[in-house]
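Number of protein chains: 2
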Amino acid sequence: MAKKLIGIDLGGTTTKFAFIDTKGNILAKWRIPTDISEHGSHIVPNMIKSISDQMRKEDYNTEDFFGIGMGTPGAVDREKGTVVGAYNLGWDIVQPVGATISANLANSAALGEYWKGAGDTAQDVVFITLGTGVGGGVIANGKLVHGINGGAGEVGHITVVPNGYQCTCGKRGCLEQYASATGVVHIAKDMAQTFTGKSRIKELIDGDEDLTSKMVFFLADNGDILANQIVDRVCSYLGLALSHIGNTLNPENIIIGGGVSNAGNTLLQPTTRYFQENAFPSVRDSTKLKLAQLGNDAGVIGAASLALQFRNNQPFAAK
Amino acid sequence: MAKKLIGIDLGGTTTKFAFIDTKGNILAKWRIPTDISEHGSHIVPNMIKSISDQMRKEDYNTEDFFGIGMGTPGAVDREKGTVVGAYNLGWDIVQPVGATISANLANSAALGEYWKGAGDTAQDVVFITLGTGVGGGVIANGKLVHGINGGAGEVGHITVVPNGYQCTCGKRGCLEQYASATGVVHIAKDMAQTFTGKSRIKELIDGDEDLTSKMVFFLADNGDILANQIVDRVCSYLGLALSHIGNTLNPENIIIGGGVSNAGNTLLQPTTRYFQENAFPSVRDSTKLKLAQLGNDAGVIGAASLALQFRNNQPFAAK
C-alpha cells in the first residue's frame, strides 16, 4: 500500500485535517474547533488526539504515513520546530510544535494551489488568503520562499493606509485590517457613519444587527449603493497591495483565496482594475489575478505536500 | 589562459563595460556615453564597436571569453533576445539586442552584489538602485527572479503616493519619482514653495540655481532644516516601499545602491526607521537594510555573472 501524507491546516477558528495520497488527492478529511484558551496550549495535544482517533477509525497506523505537514499562522522557526506570533491563536509566546513540520498557514495554501490548483505549472506564483486574517505564500523559481525568519508571505501586513486602523500585529494600516472578513465589516461601519442615502447595510448597522463581509458582497451584487462603495474601497486597498507584489516579483499568477474570495468576480474585477492602475506596464500586461480553485482544501493539501518535500528533497534542512 | 567574461551595464547616461574573471574580479573597465538619439538605435552598434576596440587594445580575441552579459533598463524577453520599455534610453519600441544575454539593469547589479558584495551567501536578497531611475533585483532561494514577463524587480514602480507625481512609465506615484536623484530634487522644489524658514536649499531654488540630490543630502548633514525635511520625506517613501518588499519576501538583506545611496547613513538611518515602522514584527527583526558595497561596479560584475550562469547552469533556457 502506497504511503500517505497527513495535512493540517491550523486556523484561528477551525483546524482542518486530511489524509492525502502522494498525488495530492484527498482520501479523508475532517475538522475540529481550535481551542485557543490558555495561550493556545491545548492546540497541539488536541491535534494529536484527533489524528490518532481518525487513524483508528480508518484502520491506519503510523507506518502508513510519510509524515505530517502543518500550516499555521505566525512565524515558523523550522530548525527549532517552534511557532511565534500567531496572535489569532493566542500564541503570543514561542510555542514548541515538536516533531510536526510547520509552515506558515497561507504558505501551505500556496503550495496546495501550486501543486493541484490554479498555480499548476507556473514558476512564480503568489497566493493571498482573505479569511479571519490575511495571509500569503510566495513561490519563486518553483520553490516556496520562507525568508530569513519565516516571514515571507506576510502580505497581510503590507501597509495600505499609513497610520490607518490598528492591527493585531502592533503596527497600523495593514492590509489585513481592510481586506479580511472583519476588515470589510470595519470599513462598512466607518463608511455607514457618513453615508446619507438609502442602504440596507446602513439599516443593519444602525439597527445594531449582525453584519458579515458575505452580506456586504451580496448586497453589493444586488445594487446597494453603500455596499458597492465599501467593496470598491476594499478592492482599492487589495489591488494596491497586490500591485506591490506584482512590481516586485511579476509572478505568472496571484491567486486570491479564503472566505472573502467566495465573492468571486464582485471582488476580482475591481481588484484587478486597481491592480492594473498601480502595476508597471510589463507587469500589468502579464501577471494575472485569479480566484483560488481548491477552496478550503488548499491548506491541508499544501501542508501535506510539505511532508512530502521534507521526505524527498529535504529543502527544510538547507537553511 | 582561463576564459573571461564581458559585463555591460547599460545606463541612460553612460554605458559601463568590464572584462571580468570567473571569480568576479575586474581585469579592465571602461565606459562610453550612451547615445539615446534616434530611438536608441545606435546603442547596440556602439557597444559592439567599443568592446572590439578594447579587445584589440588589450590583445584579446573572442575565444578568450565565455560570453557577454548585459544589464539594461526595461523589460527583457530572454527567448527572443529583445528589450522593450526602456524609456530612459528612448527604447519605447521593441529592441532586438541579438546575441547578447540581457538582464534588467538593477537585476544584474543584484547579481553582482550577491556574487561579490553585500549579499554574499544569503539565499534571499533584494537589491534596489537609486540613480537616474530606481530599479531593483530580486534573488529568492539563491536565484535571480525574472518574473513571467521580465518585470520582477520593478520596485521603482511600487506606488508610494496614490495619484502622485506622474512617472515616465505612464502611471502615477511611483517610488522612482520620489527616491531617484531627480525625484529628490522634485520633492525639494515642491517643499521649498511652502517652506518659510531660512534654508540654503530654498535660496538655491528661489535663485533658480542648479540643485542636485547630492546637495540636498550634503545640506541635510550640515543642519539645513528644509534639507532635513526633504530627506525625511524621501526616506519615508523609500522605507515604506522597502517594507512592502520585506513583508512579501523577508529577505536577509535589502541592499541599497546607486548614486543616491552615496548619502550613506543620512539616507540609511531614517529609511530603516520607516521600514521598521511598516514591517511585520518577524520581518522587522530579521531583514536588514544595507548599503551596496560594489558601488558602480555592481552592474558590470553582475552582468558578467549572467554570462557565466548561462554557460554553466543554463537557467535562462528553463523558462
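Keeping their order, the protein sequence lines are chains Y and V.
Mapping to this note's numbering: the first sequence position 247 is 247, numbers consecutive.
Mapping to this note's numbering: the second sequence position 261 is 1261, numbers consecutive.
Glycine residues also receive a C-beta, built at the ideal position from the N, C-alpha and C atoms.
Please classify residue 39 of chain Y as buried or exposed, where buried requires at least 16 other C-beta atoms within 10 Å of its C-beta. The residue is exposed, with fewer than 16 neighbouring Cβ atoms inside 10 Å.
What does the alpha-carbon distance come out to for the pair residue 198 of chain Y and residue 225 of chain Y? The alpha-carbon atoms of residue 198 of chain Y and residue 225 of chain Y are separated by roughly 8 Å.
Chain V contacts made by the region 240–265 of chain Y, where a contact means CB separation under 8 Å: 240, 241, 243, 244, 245, 246, 247, 248, 249, 250, 251, 252
Unbroken beta strand (DSSP E) runs of length 3 or more, entirely within the region 131–216 of chain Y: which are they? 134–140
Best match in Y:21, Y:9, Y:289 for proximity to residue 43 of chain Y [C-alpha to C-alpha]: Y:9
Taking 8 Å as the CB-CB cut-off, is residue 1085 of chain V touching chain Y? With a pLDDT of only 47 at residue 1085 of chain V, under 50, the local geometry of the prediction cannot be trusted, and the value read off the model is given with reservation. It does: the Cβ of residue 1085 of chain V has a partner Cβ on chain Y nearer than 8 Å.
What residues match up with residue 1031 of chain V in a beta bridge as DSSP calls it? V:1016
With DSSP as the reference, label residue 1057 of chain V as helix, strand or coil. Note: residue 1057 of chain V maps to helix in three-state DSSP.
How about residue 1134 of chain V: is its C-beta nearer than 8 Å to some C-beta of chain Y? Not one chain Y Cβ lies under 8 Å of residue 1134 of chain V.
For residue 1019 of chain V and residue 1004 of chain V, believed in contact at Cβ under 8 Å, the rounded distance: Contact flag correct, Cβ pair sits at about 5 Å.
Expected contact under 8 Å - CB spacing of residue 1227 of chain V and residue 1256 of chain V to nearest Å: Not a contact, Cβ separation roughly 19 Å.
What does the Cβ neighbour count give for residue 1002 of chain V, buried or exposed, with the cut at 16 atoms within 10 Å? exposed
Cα separation between residue 176 of chain Y and residue 1041 of chain V? 48 Å
Residue 1056 of chain V versus residue 1207 of chain V: straight-line alpha-carbon distance, rounded: If you take the alpha carbons of residue 1056 of chain V and residue 1207 of chain V, they lie about 50 Å apart.
From what residue to what residue does the alpha helix (DSSP H) around residue 225 of chain Y run? Unbroken alpha helix (DSSP H) run through residue 225 of chain Y: 225–249.
Own chain partners of residue 173 of chain Y with C-beta closer than 8 Å, once the 5 adjacent residues on each side are dropped: Within the same chain, residue 173 of chain Y has close Cβ partners 159, 160, 161, 162, 163, 164, 165, 167.
Taking the continuous alpha helix (DSSP H) assigned at residue 1267 of chain V, which residues delimit it? 1265–1278
Under 8 Å, do residue 152 of chain Y and residue 146 of chain Y count as touching if we go by C-beta distance? Yes, Cβ-Cβ distance for residue 152 of chain Y and residue 146 of chain Y is below 8 Å.
Of all the CB atoms in chain V, is at least one closer than 8 Å to the CB of residue 228 of chain Y? Cβ-Cβ to chain V under 8 Å: no for residue 228 of chain Y.
Per DSSP, the bridge partner or partners of residue 1047 of chain V: Note: residue 1047 of chain V sits in no beta bridge, so no partner.
Would you mind telling me which residues of chain Y sit closer than 8 Å to residue 1367 of chain V, beta carbon to beta carbon, in chain order? Chain V is shown only over 1001 to 1319; residue 1367 of chain V falls outside these bounds and no answer can be derived.
What does a CB cutoff of less than 6 Å around residue 1195 of chain V pick up in its chain, not counting 5 residues either side in sequence? 1202, 1226
Below 8 Å between beta carbons is the criterion; list the residues of the region 280–296 of chain Y that meet it against any residue of chain V, in chain order. 280, 281, 282, 283, 285, 286, 287
Taking any Cβ of chain V, which residues in the region 145–159 of chain Y have a Cβ under 9 Å from it, in chain order? Using a CB distance below 9 Å, the part of the region 145–159 of chain Y facing chain V consists of 145, 146, 147, 148, 149, 150, 151, 152, 153, 154, 155, 156, 157, 158, 159, ordered along the chain.
Taking residue 1220 of chain V as the query, report the chain Y residues whose CB atoms sit under 8 Å from its CB, ordered along the chain. By Cβ distance, chain Y contributes nothing, its closest Cβ being about 22 Å from residue 1220 of chain V, past 8 Å.
Just tell me which of Y:288, Y:150, Y:215, Y:263 has its CA closest to the CA of residue 1249 of chain V. The shortest C-alpha separation from residue 1249 of chain V is found at Y:150.
Would you verify that the beta carbon of residue 18 of chain Y is, or is not, closer than 8 Å to some beta carbon of chain V? no
Expected contact under 8 Å - CB spacing of residue 1124 of chain V and residue 1252 of chain V to nearest Å: 6 Å
Any idea what DSSP makes of residue 129 of chain Y, helix, strand or coil? strand
May I ask you to report which of helix, strand or coil DSSP gives residue 1258 of chain V? coil
Comparing alpha-carbon positions, which option in Y:260, Y:156, Y:188, Y:211 lies nearest residue 1279 of chain V? Y:156
Please name the residues in the region 188–203 of chain Y whose beta-carbon is closer than 9 Å to at least one beta-carbon of chain V, in chain order. none
Any C-beta of chain Y sitting closer than 8 Å to the C-beta of residue 1025 of chain V? no
I need the boundaries of the alpha helix (DSSP H) containing residue 40 of chain Y, first residue and last residue. It spans 37–40 - the alpha helix (DSSP H) in which residue 40 of chain Y sits, taken as one unbroken run.
For a contact defined as C-beta to C-beta under 7 Å, what are the partners of residue 170 of chain Y on chain V? 1281
How about residue 264 of chain Y and residue 254 of chain Y: are their beta carbons less than 8 Å apart? no
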